[in-house]
Amino acid sequence: MSCISRAKSRVVVTGMGAVTPIGIGVPSYWEHLLDGTEGTGPVTRFDTADLPVHVMAEVKGFDPDRYIPHKLQGKMPLFTQYTYAAAEEAITDAALQGDPHRLGLVMGTAMNGVADIAETQRAFEAGGSKRASPSFVPRVLGNMAACQVAIAHDLQGPSFTLNTACSSGDDAITLAAMLLQSGAADAMVVLGGESINCPLVMASLASARVLASGAGRPFDKERDGFVIGEGGGALVLETEEHAKARGARIYAELLGAANGNDAFHMTTPRPGGEGGAACVRLALEAAGVRPEEVDYVNGHGTGTQKGDALECAAFHAVFGEHASRIPMSSLKGATGHMMGAGGITESIACILAIREGILPPTLHYANPDPDCAIDCVPNVPRKAEIRIAVNNAFGFGGQNASLIFGRYD
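Residue 256 in the numbering used here sits at position 215 of the sequence shown; the count goes up by one each step and never skips.
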């Protein structure tokens, strides 16, 4: 397992950006998380008549002209557009500046431009002429989102793109912090973007029986899968020294982070959630935080029967006798499963929970499940004193990631 530790040097958050199915912009996203806005609805971008599932959590009201130069829009599939818009918000929010060679990026995405690939292939096979646009390949590459942001803001420092399934966003944050602590950069823009809304992906996930028939119901006994979501998220991370030297506003501190692999199965976690539990323990150890000091956990909580139960088993294994008093909610009942973007936007929720003293709720919870014996903050937000929050992400391929955020003093 790899990790970052506060003992090496302090890493702080100075900018945030979000494009989600329940709101565009961090203030709108947070407001609608707290008021219970429903992100799930009928699919509008393709016909689902021949598919077993008919709902997704689509981004609504997104106007690329507000965020992206018109000449660039044709070069960007939706996952890049969402990422770019979130990055613009975060970089502006942070008023980021510095030596361009010391400012870098890490991008996290699970499936890159898969929707564009599927649609282009369909059109290619249907057309009479077997010609393809020269922009097709660069459009769908995962690193092109980071490329476009780097060009727009002259970010010439370290640049990486990660594909670690559903933990891509959390892992992007971890890698960015590792680069800061190694001395390779002074500030890093961390990006997450996803838009996998296409018949091919929906049909595959439906065949795997992991998609919900309606709204997602994390931790509920009657849960039947997740809702495909989409969107973008961005954070600006800096060394404390760099942020203070330029007078930046600091939202929170990244106290610790960890990454590991179950090394067990392509899609099924280890029995008892052992891999996830080990990852959370390592992140807490790196942060110098005892389990009883944690005030809130933002769970992966996709809404699948097995996944939620194993995550709750891991939660109890880590927190033991303290588990009964530590709330763990999932935001995917509201936003759907935003994959690579979700780790970033859910980290933003942790940061705002710390700053505002409010726990975001788990929507659509009605039926307690003995296998998910947790306080999931059902349906309505709750005021609470929060100094330390954990954000977890567990993905296909046995990927486990855990982040520990703390109030900045």
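Ideal placement from N, C-alpha and C gives every residue a C-beta, glycine not left out.
Source: prediction; values computed, not measured.
Around the beta carbon of residue 162, a 10 Å sphere encloses fewer than 16 other beta carbons of the protein chains shown; the residue is thus reported as exposed.
By the neighbour-count criterion, in which a residue is buried when 16 or more other Cβ atoms sit within 10 angstroms of its Cβ, residue 227 is buried. Its Cα nearest to that of residue 328, the residue 299 stands out among 103, 299, 309. Approximately 28 Å separates the beta-carbon atoms of residue 278 and residue 267; this is outside 8 Å, ruling out the contact.
Here residue 417 carries a coil assignment [DSSP, helix/strand/coil]. Residue 306 and residue 139 have their C-alpha atoms roughly 44 Å apart.
For residue 445, the beta-bridge partners assigned by DSSP are 297, 431. Per DSSP, reduced to three states, the secondary structure at residue 235 is strand.
Between residue 93 and the set 115, 240, 221, 59, the nearest pair of CA atoms involves 240. In the displayed model, residue 97 falls within a strand according to three-state DSSP. Per DSSP, the beta bridge partners of residue 53 are 279, 294.
Checking the DSSP bridge columns, you'll see residue 378 partnered with 269.
Here the alpha carbon of residue 68 sits roughly 21 Å from the alpha carbon of residue 337. In the three-state reduction of the DSSP assignment, residue 361 falls in the helix class, which pools H, G and I.
When the beta-carbon positions are compared, residue 144 and residue 230 come within less than 9 Å of each other. Per DSSP, the beta bridge partners of residue 423 are 400. Our two residues, residue 393 and residue 304, have alpha carbons roughly 34 Å apart in a direct line.
Of the candidates 238, 330, 54, 238 places its Cα closest to the Cα of residue 379.
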